[in-house]
Each structure stands twice: as C-alpha cells, then as structure tokens.
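The structure appears right after this line, and notes come after that.
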Amino acid sequence: MRLLVTGGAGFIGSNFVRYWLANHPEDQITDLDALTYAGNPRNLDGIDGRRHTFIHGDIRDVTTVEKAMDGVEVVVHFAAESHVDRSIDGARIFLETNLLGTHTLLEEAKRRGDQIKRFHHISTDEVFGSLTINSVEKFHEDTPYDPRSPYSASKAASDHIVRSYFHTHGLPVTISNCSNNYGPNHFPEKLIPLMIINAMRDIPLPVYGDGMNIRDWIHVEDHCAGIEAILTKGRIGETYCLGGNAERHNIDVVKQVLALMEKQERLINYVEDRKGHDRRYAIDSSKAKTELGWEPKKTFEQGLKETVEWYKDNEHWWKPLI
Ligand SMILES: NC(=O)c1ccc[n+]([C@@H]2O[C@H](COP(=O)([O-])OP(=O)(O)OC[C@H]3O[C@@H](n4cnc5c(N)ncnc54)[C@H](O)[C@@H]3O)[C@@H](O)[C@H]2O)c1
Numbered sequence: 583m584r585l586l587v588t589g590g591a592g593f594i595g596s597n598f599v600r601y602w603l604a605n606h607p608e609d610q611i612t613d614l615d616a617l618t619y620a621g622n623p624r625n626l627d628g629i630d631g632r633r634h635t636f637i638h639g640d641i642r643d644v645t646t647v648e649k650a651m652d653g654v655e656v657v658v659h660f661a662a663e664s665h666v667d668r669s670i671d672g673a674r675i676f677l678e679t680n681l682l683g684t685h686t687l688l689e690e691a692k693r694r695g696d697q698i699k700r701f702h703h704i705s706t707d708e709v710f711g712s713l714t715i716n717s718v719e720k721f722h723e724d725t726p727y728d729p730r731s732p733y734s735a736s737k738a739a740s741d742h743i744v745r746s747y748f749h750t751h752g753l754p755v756t757i758s759n760c761s762n763n764y765g766p767n768h769f770p771e772k773l774i775p776l777m778i779i780n781a782m783r784d785i786p787l788p789v790y791g792d793g794m795n796i797r798d799w800i801h802v803e804d805h806c807a808g809i810e811a812i813l814t815k816g817r818i819g820e821t822y823c824l825g826g827n828a829e830r831h832n833i834d835v836v837k838q839v840l841a842l843m844e845k846q847e848r849l850i851n852y853v854e855d856r857k858g859h860d861r862r863y864a865i866d867s868s869k870a871k872t873e874l875g876w877e878p879k880k881t882f883e884q885g886l887k888e889t890v891e892w893y894k895d896n897e898h899w900w901k902p903l904i
C-alpha cells in the first residue's frame with residue numbers, strides 16, 4: 583500500500599514516516615512537504631529512498647497535490663502551520679495552509695473516488711479550548727469546539743471541513759485530536775526543546791506568566807502508534823482523542839529538564855504571558871483505548887530523559903536552527 587504523508591519533514595510527520603516504514607515493511611510513502619522554516623530534510627536522514635518518495639511542494643497547490651496522490655490509498659495529513667505564538671503575530675498563513683491546504687487535499691481525494699480508502703486528518707486538543715486548573719474535567723470526542731487562538735481556530739476550521747466531506751461527499755475520513763507531543767526532531771521554538779537547548783547553552787529559560795499552565799504530554803512515538811491504530815482499526819467517520827496521561831504544569835516540566843541536565847533553577851526567567859494563553863489541556867483517551875486497544879506506553883519521566891539525551895547527542899541537528 584502507498585500512503586501520502588503531508589508534512590512528513592516536520593516534527594511529528596518525520597517520526598511517523600520512520601515509524602510506519604519500520605512497522606509496515608510492504609508499504610511505500612509519498613511525502614509532500616513545502617519545507618517551511620519548520621520542515622527539515624535532515625529529519626528524514628537515513629530513510630530508505632526505495633520506499634519513500636519526497637515531493638517538495640505545497641498542499642495549497644492543486645497541480646502538486648494531484649501528482650502527490652498518484653497511486654495512493656491512504657492520506658495521512660500532518661502538514662500545517664503549528665506554532666501558536668506565530669499565529670498571534672500573523673494568522674493569514676495559518677488559514678491558508680491549515681484550512682485551504684486541507685481543502686485542496688480533500689478535493690483531490692474526492693475527485694479520485696474509490697482510490698482513496700481513508701483520509702486521516704491530524705488535529706489537536708487545542709480545538710476544544712481551555713480547562714480550569716483545578717477541575718477533573720478532560721476533553722473527549724464530544725467536547726464542544728471552543729478554539730481560542732488563531733492556530734487552534736484554523737485547526738478547528740480544518741476539522742470541520744474534513745468532517746463535512748464525510749457527511750456531504752462520503753469521503754472516508756477519520757480525525758485524531760492529540761495533546762502536546764515531545765521527542766526527537768522537535769523544532770526549538772516549542773517549550774521542551776527550547777528549554778533543553780537554552781539550558782545546554784546556559785542562557786535564560788523563558789517561562790510564560792506564572793508557569794502554572796498545564797499541558798498533557800505525549801511522546802511522539804505513542805502518538806504515531808495511536809495514528810497507526812486508527813489507520814488499521816479506526817471506524818470511518820469517527821474522531822479519536824489521543825492523550826499522554828501526563829498532565830504537568832509548564833514550570834514543573836522546566837524544572838524537570840533542568841534537573842535532568844544538572845543545571846540551576848536560577849536560569850528560569852518568567853516573562854510576559856502569551857496573549858490568550860490557554861490554562862489547561864487534558865485528554866480522556868478512553869474511546870481509543872476501548873475501540874482500538876491503544877494507550878500511551880512511555881512515561882513522561884522516561885520520555886523526557888530520552889529527549890534530553892537526543893538533543894545532547896544531536897547538536898548538529900539543532901545548532902543551524904537557532
Ligand atoms: N506538535 C504537537 O504537539 C501537536 C499536537 C497535536 C496535533 N498536532 C498537529 O500535528 C501536525 C504536525 O505538527 P508538527 O508539530 O509536526 O508541526 P511542524 O511545524 O513541526 O511540521 C509541519 C510540517 O508541515 C510542513 N508544511 C507547512 N505548510 C505546508 C504547506 N503549505 N504545504 C506542505 N507542507 C507544509 C512544514 O514544512 C513542516 O514540515 C499539525 O497538523 C499539528 O496541528 C501537533
């Protein structure tokens with residue numbers, strides 16, 4: 583089987599390409615990526631070129647998308663603008679890529695009729711809004727959408743257009759909404775790699791606001807396994823929430839990074855809070871567990887330790903990016 587992976591040179595996409603090729607030796611991947619600032623060909627170093635075809639192109643471009651879908655049965659759509667802070671500075675590219683780019687892919691998949699057996703859309707828990715710190719409430723598949731940043735609004739819009747192609751056109755779609763990922767190949771603007779790299783460089787670690795915001799962390803390999811479970815067992819038309827069972831205050835994550843690296847907490851620098859900063863995300867993945875037999879395996883402590891080691895061992899990867 584041939585899969586089209588969009589955004590396969592980015593953080594999660596490149597981990598997924600590696601994961602899928604390792605676990606599905608008969609399969610081939612076409613990888614469509616525009617190589618924006620977040621896309622990095624080095625993320626694909628060492629991948630077998632006989633099973634992986636890279637197309638440098640944009641999901642908003644109809645001709646490129648037509649070519650990329652040749653021979654493809656399953657689309658796994660990661661490509662997106664993904665950084666909340668950048669969406670606050672300028673939202674247009676988020677709407678263009680995340681909404682209109684997704685629409686271009688949907689149109690091409692629809693045009694191909696029975697050829698496309700599944701269109702899987704990768705989304706985020708941020709579409710559900712923000713939870714209060716002290717509640718036990720968690721996001722689940724039936725939580726009403728309440729996106730609060732331009733990024734999450736663009737992802738929410740993309741989820742809606744994907745679902746509309748299922749209901750209106752019968753396109754065989756699935757959607758996953760996942761919590762915050764971490765692991766290798768994570769671009770150094772995001773919390774965990776930024777903290778690791780700044781600690782390595784002995785420069786201040788900027789923490790937004792009071793540092794008490796909570797995220798539910800999932801190791802990227804667990805996310806890849808969750809997507810695999812959906813691609814192989816997920817019911818068409820359904821949405822699955824994937825979480826890491828690892829809610830942590832940002833400040834505790836930062837302190838844990840410093841402890842693992844044997845660095846002083848005086849490097850922590852509280853900075854002005856992000857505009858509209860969502861307070862807490864948490865995911866209830868019981869649908870994925872019951873229906874697909876999936877649950878995250880790696881503990882946050884183990885995953886974070888491995889991630890710190892990865893950044894220590896891969897200075898050649900992150901140095902050109904800072
Ligand atoms: N990182 C997370 O914690 C997280 C959590 C849940 C969901 N997601 C979703 O997972 C997906 C991947 O996230 P990520 O963290 O790997 O992002 P990333 O920013 O690391 O990678 C995005 C990739 O998409 C490519 N891309 C961007 N615009 C494109 C375009 N117009 N055409 C083709 N390629 C384009 C980039 O070059 C890059 O390789 C996104 O859809 C994101 O919303 C991310």
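Everything in the sequence shown is counted per the working numbering, starting at 583 for the first residue and increasing by one. Where is the CB? At the ideal position from N, CA and C, for every residue including glycine.
Rounded to the nearest whole angstrom, the C-alpha separation of Trp892 and Ile778 is 10 Å.
Beta-bridge partners assigned by DSSP to Asn759: Ser705, Cys823.
The beta carbons of Thr679 and Ala661 sit about 7 Å from each other, so the pair counts as a contact at 8 Å. By the Cβ criterion, the region 782 to 801 is in contact with the region 845 to 860, since at least three pairs of Cβ atoms, one from each stretch, lie closer than 8 Å. Per DSSP, Trp876 is not a residue of any beta strand (DSSP E), being assigned neither H nor E. Contiguous beta strand (DSSP E) elements confined to the region 669 to 715 occur at 700 to 706, taking only those with 3 or more residues.
For Asp798, the enclosing beta strand (DSSP E) begins and ends at 796 to 801.
Going by beta carbons, Glu655 and Gln610 fall outside the 8 Å limit.
In the same chain as Lys837, and ignoring 5 residues on each side of it, the C-beta atoms closer than 8 Å to its own belong to Glu847, Ile850, in chain order. As for any alpha helix (DSSP H) of minimum length 4 sitting wholly inside the region 622 to 651, the runs are 644 to 650, ordered along the chain. The nearest non-hydrogen atom of ligand 1 is less than 7 Å from the C-beta of Glu663.
Scanning Leu586, Val657, Ser669, Thr645 for the CA closest to the CA of Thr635 turns up Leu586.
With contacts defined as CB atoms closer than 8 Å, Tyr747 and Lys692 qualify as a contacting pair. Using a 10 angstroms sphere on the CB of Val718, the tally of other CB atoms stays under 16, which defines it as exposed. At least 8 Å separates the beta-carbon of Ile796 from that of His702. Judged by the Cβ position, Ala591 qualifies as a neighbour of ligand 1 at the 7 Å threshold, a heavy atom of the ligand being closer than this. Taking C-beta separations shorter than 7 Å and ignoring five residues to either side along the sequence, the partners of His751 in its chain run Lys692, following chain order.
Taking the Cβ of Thr684 as the reference point, every heavy atom of ligand 1 lies at 7 Å or farther away.
Per DSSP, Pro786 lies in no alpha helix (DSSP H) and is assigned neither H nor E. Taking a contact to require three or more Cβ pairs closer than 8 Å, the region 761 to 769 and the region 588 to 602 qualify as touching.
Looking only at Met782, His831, Phe769, the smallest Cα-Cα distance to Arg624 is reached by Phe769. For Leu614, the closest of Gly628, Val644, Ala604, Met583 by C-alpha to C-alpha distance is Val644.
When the beta-carbon positions are compared, Ile865 and Asp741 stay at least 8 Å from each other. Sequence-distant Cβ neighbours of Arg694 in its own chain, meaning closer than 7 Å and more than five residues away, are Met651. Membership of Ile850 in the beta strand (DSSP E) is indicated by the continuous run 850 to 853. Taken from the Cβ of Asp640, at least one heavy atom of ligand 1 lies inside 7 Å.
For Leu776, the CB contacts under 7 Å within the same chain, skipping 5 residues up- and downstream, are Pro770 in chain order. Taking the CA atoms as reference points, Pro607 sits about 36 Å from Val666.
Collapsing the DSSP output to three states places His831 in a strand. By the C-beta density criterion, Asn896 is exposed, having fewer than 16 other C-beta atoms within 10 angstroms.
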